[in-house]
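Enquirer: What follows is a structure written as structure tokens; I'll ask about it next.
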Amino acid sequence: MDRDSLRDSRPKQDMSFTESVQNAFARDFRISGFTFIRNGVKFGYPFRESILSALPSVDELIVNVGKGDDSTLAEVQALSEEHSKIKVIESIWDDSVCEGGRVLAQQTDIAIKACTGDWGLYLQADEVLHEDDYMWILDAFKAAHRQPEVEGILFDYLHFYGDFRVINWHPSAYRHEVRGIRLNRGVRSYGDAQGFRIDCRKLKVIHSNSRVYHYGWVRPPEVMQAKTVEMDTFYHPDGENTGDNYKYKRIIGLEKFTGTHPMVMIGRIAAQEDWSDRLLKNKLHFEMKDLLRLFYRCCEKITGSRPFEYRNYELISTTNLPRPGR
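Per our numbering, residue 26 is the first one in the sequence shown, and the count goes up by one each step.
See below:
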């Protein structure tokens with residue numbers, strides 16, 4: 026089925042878009058979505074959009090909400106009343122587990138344990154799926170399920186920086202990450218919850234050709250500062266290593282984004298002032314160590330791959346679908 030056919034299958038009256046997508050990809054296994062969040066309202070996370078973007082691809086969606094001091098829990102509970110697939114669990118974060126961001130992996134594992142499916146689809150609270158990729162996502166899960174050796178599914182990443190209209194291709198921004206996992210195989214969140222492991226071993230994965238839109242660096246500056254200070258306490262007990270990385274700078278790899286965003290993000294994008302031109306016209310923030318990064322970025326533009334890229338996974342095969350354009 027092509028994308029036009031998928032759009033044509035959208036319901037008229039008696040069937041939701043979520044149901045039409047899932048009916049188009051009938052399967053004999055269950056997919057559990059899972060995520061975690063704390064103080065999402067306070068720190069400007071698009072957690073509501075993230076949750077809604079995952080719903081069409083899953084049979085249930087576990088949302089682990091940490092005890093905070095804002096209205097995040099109430100908003101997630103309200104969503105669960107509208108969407109029966111959403112299952113809310115509550116937790117209290119152990120702030121003493123702050124070395125290397127391990128508390129984030131701990132909270133991810135709590136959500137994993139609540140999953141009842143054969144496969145898991147993971148999104149962090151600042152990550153959103155595009156509706157154009159639902160076909161690819163579900164097809165990748167079907168392909169993975171047919172191959173017992175496959176333990177995970179790889180997604181491509183689009184990182185946005187400072188503005189929804191600026192994409193970040195800086196060499197330090199990871200291009201791919203595992204967001205689909207085979208459950209009941211002992212898969213656990215790793216490090217600061219960026220990836221996964223089985224007994225400290227990288228997962229064997231296939232490529233989904235699907236995109237994750239990462240909005241972790243798109244907030245008003247004052248909210249970005251507050252969020253950065255909070256996050257740094259999960260890595261440094263004294264919270265004194267924040268620095269000024271919350272200040273938006275014109276760094277290597279920033280480009281104007283000309284593609285489309287997920288439909289669930291339209292309202293949030295419209296509500297934020299467009300300062301993309303101002304950001305892209307700022308003086309380039311450049312240090313001597315950036316010479317090597319600039320070389321890596323040039324190589325990536327020419328060859329499509331980045332030299333010495335770290336892989337948080339073991340890629341065993343790819344599908345035959347075209348990858349999203351770069």
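Each residue gets a CB set at the ideal place from its N, CA and C atoms; glycine is no exception.
Small disclaimer: the values here were computed from a predicted structure and weren't measured.
Suppose contacts are defined by Cβ-Cβ distances below 8 Å. Is Val113 in contact with Val122 by that definition?
Expert: Here residue 113 corresponds to residue number 88 of the sequence shown, with the count starting at 1. Here residue 122 corresponds to residue number 97 of the sequence shown, with the count starting at 1. It is not a contact, given that the beta carbons lie outside the stated cut-off.
Enquirer: So, is Glu339 buried or exposed, given that buried needs 16 or more other C-beta atoms within 10 angstroms?
Expert: For the purposes of this step, residue 339 is taken as residue 314 along the sequence shown, with counting starting at 1. It is exposed - the Cβ of Glu339 has fewer than 16 other Cβ atoms within 10 Å.
Enquirer: What residue range does the beta strand (DSSP E) around Arg213 cover?
Expert: Residue numbering aside, residue 213 sits at position 188 when the sequence shown is read from its first letter. Its beta strand (DSSP E) spans residues Arg213 to Tyr215.
Enquirer: Please specify which runs of the beta strand (DSSP E), each continuous and at least 3 residues long, are wholly inside the region 78–139, giving them in chain order.
Expert: For the region 78–139, whole beta strand (DSSP E) runs of length 3 or above, ordered along the chain, are 85–91 and 111–116.
Enquirer: Under 8 Å: do the region 172–189 and the region 79–93 share three or more Cβ pairs, one atom per stretch?
Expert: The region 172–189, when compared against the region 79–93, does not touch it at the 8 Å Cβ threshold.
Enquirer: Would Glu152 and His239 qualify as a contact pair, given that the criterion is a beta-carbon distance under 8 Å?
Expert: By 1-based counting over the sequence shown, the position of residue 152 is 127. By 1-based counting over the sequence shown, the position of residue 239 is 214. Yes; because the gap between Cβ atoms is below 8 Å, this pair is in contact.
Enquirer: By Cβ distance below 7 Å, which residues in the same chain neighbour Leu305 in space, the five residues on each side in sequence not counted?
Expert: Numbered from its first residue, the sequence shown carries residue 305 at position 280. If we look at Leu305 and ignore the five residues flanking it on each side, its Cβ neighbours are Val191, Arg275, Leu279 and Lys281.
Enquirer: Can you list the beta strand (DSSP E) stretches of 3 or more residues lying completely in the region 164–243, in chain order?
Expert: For the region 164–243, whole beta strand (DSSP E) runs of length 3 or above, ordered along the chain, are 177–186, 188–193, 201–207, 213–215, 220–223 and 229–242.
Enquirer: Tell whether a beta-carbon distance below 8 Å holds between Ser214 and Asp134.
Expert: Start at 1 with the first residue of the sequence shown, and residue 214 comes out as number 189. Start at 1 with the first residue of the sequence shown, and residue 134 comes out as number 109. Going by C-beta atoms, Ser214 is nearer than 8 Å to Asp134.
Enquirer: For Asp94 and Gly220, I'd like the C-alpha separation in whole angstroms.
Expert: Counted from its first residue, the sequence shown places residue 94 at position 69. Counted from its first residue, the sequence shown places residue 220 at position 195. Near 28 Å, if we compare the C-alpha coordinates of Gly220 and Asp94.
Enquirer: Output the distance between the C-alpha atoms of Arg244 and Ser233, rounded to the nearest integer angstrom.
Expert: For the purposes of this step, residue 244 is taken as residue 219 along the sequence shown, with counting starting at 1. For the purposes of this step, residue 233 is taken as residue 208 along the sequence shown, with counting starting at 1. Whole-angstrom Cα-Cα distance: 29 Å.
Enquirer: Answer yes or no: do Ser57 and Gly142 have a C-beta to C-beta separation smaller than 8 Å?
Expert: Taking the first residue of the sequence shown as 1, we reach residue 57 at position 32. Taking the first residue of the sequence shown as 1, we reach residue 142 at position 117. Yes.
Enquirer: Taking only the alpha-carbon atoms, compute the straight-line gap between Glu255 and Ala198 and give it to the nearest angstrom.
Expert: Here the question's residue 255 lines up with position 230 in the sequence shown. Here the question's residue 198 lines up with position 173 in the sequence shown. The alpha-carbon atoms of Glu255 and Ala198 are separated by roughly 21 Å.
Enquirer: In the DSSP assignment, what are the bridge partners of Lys281?
Expert: Residue 281 sits at position 256 when you count from the first residue of the sequence shown. DSSP output for Lys281 lists Val191 as bridge partner(s).
Enquirer: Output needed for Asn337: all residues of its chain with C-beta closer than 6 Å, excluding positions within five of it in sequence on either side, in chain order.
Expert: Indexing the sequence shown from 1 puts residue 337 at position 312. Only Gly220 meet the Cβ criterion.
Enquirer: How many whole angstroms separate the CB atoms of Arg331 and Pro196, which I take to be in contact at a CB cut-off of 8 Å?
Expert: Counting from one through the sequence shown, the residue named residue 331 turns up at place 306. Counting from one through the sequence shown, the residue named residue 196 turns up at place 171. Their Cβ separation, rounded to whole angstroms, is 6 Å, which keeps Arg331 and Pro196 in contact under 8 Å.
Enquirer: Rounded to whole angstroms, what's the CA-CA distance from Asp299 to Phe189? Just pull it up for me.
Expert: The residue you call residue 299 lines up with position 274 of the sequence shown. The residue you call residue 189 lines up with position 164 of the sequence shown. Looking at the two C-alpha atoms, the distance is approximately 8 Å.
Enquirer: For Trp300, which residues does DSSP report across the bridge?
Expert: Taking the first residue of the sequence shown as position 1, residue 300 is located at position 275. Partner(s): none; Trp300 has no beta bridge.
Enquirer: Nearest to Val230 by CA position, among Phe166, Asp315, Leu317 and Asn64, is which residue?
Expert: On the sequence shown, residue 230 is found 205 positions in, with the first residue counted as 1. Here the closest residue by C-alpha is Phe166.
Enquirer: How about Arg63 and Thr97: are their beta carbons less than 8 Å apart?
Expert: Counting from one through the sequence shown, the residue named residue 63 turns up at place 38. Counting from one through the sequence shown, the residue named residue 97 turns up at place 72. Result yes, Cβ atoms of Arg63 and Thr97 sit closer than 8 Å.
Enquirer: When burial is assigned at 16 or more other CB atoms within 10 Å of the CB, is Cys140 buried or exposed?
Expert: Within the sequence shown, residue 140 is the residue found at index 115, counting from 1. The residue in question, Cys140, is buried, as its Cβ has 16 or more Cβ neighbours within 10 Å.
Enquirer: So, is Cys207 buried or exposed, given that buried needs 16 or more other C-beta atoms within 10 angstroms?
Expert: The residue given as residue 207 occupies position 182 in the sequence shown. According to the sequence displayed, residue 207 carries Arg and not Cys. Looking at its Cβ environment, which holds 16 or more other Cβ atoms inside 10 Å, Arg207 is buried.
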